[in-house]
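Residue numbers for the sequence shown follow this note's numbering, so the first one is 17 and each next one is one higher. Beneath this line is the structure, given in structure tokens, with notes to follow.
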Amino acid sequence: MVNVRTHKDLVGKIFEKYDLPLDCYEIVTDIDKWCISQEIFDDNPYRQAKCLCRWGDGPSRIVFREEQTDDMISSSKAAMECNGFASEVEKLDSDVKYLEHLVLHEIACHILRTTEQNPRDEWAFKKMGILPCKAMDNEKHYPKA
């Protein structure tokens, strides 16, 4: 299990690196309940994080579930493996590395201006140094935030 609040400093440093204000992310107990309270539709009650993309009219809002359970992490890693990132997932061998990837994956929604999972995973692995920068420079293919 990963407790995001325990690693709040890491999350903040990653946000600062990509010039995102610290007040544009929030750590909540349950994203599904948070979405209901904000009148935001979401069809995944087990979501680990959610980026509310606001391309062009201010910073995105990113919400993280405070506790990332082992089942959630395993499920997420399995999905990435099925999408062709098996060797990269092997390198997410600590709570901190997994959390770093999750944070970068959510930030990628804002940076790349896409909700597609694979480009966001690829960008996150690239920024972590797990994929070489030459693999695919997504930032050339998507407009700047």
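Just so it is clear, CB atoms sit at the ideal spot from N, CA and C, and this is done for glycine as well.
DSSP places phenylalanine 101 outside any alpha helix (DSSP H), giving it a letter other than H or E. In this chain, the beta strand (DSSP E) harbouring glutamate 42 covers 41-44. Taking a cut-off of 8 Å on C-beta distances, the segment 49-60 does not touch the segment 84-101, as fewer than three cross pairs fall below it.
Between the C-alpha atoms of aspartate 35 and threonine 131 there is a straight-line separation of about 20 Å.
Counting the other CB atoms within 10 Å of its CB gives serine 90 a total below 16, which places it among the exposed residues. Looking at the DSSP output, lysine 66 shares a beta bridge with Val79. Inter-residue distance for tyrosine 41 and isoleucine 78 is about 5 Å (C-alpha atoms, whole angstroms).
If the five residues before and after phenylalanine 141 are omitted, its C-beta is found closer than 6 Å to the C-beta atoms of Glu104, Leu147, all from its own chain and listed in chain order.
Setting aside the 5 residues that flank it on each side, histidine 121 is surrounded in the same chain by Arg136, Asp137, Ala140, each with a C-beta closer than 7 Å to its C-beta; the list follows chain order.
Valine 18 is bridged by DSSP to Gln84.
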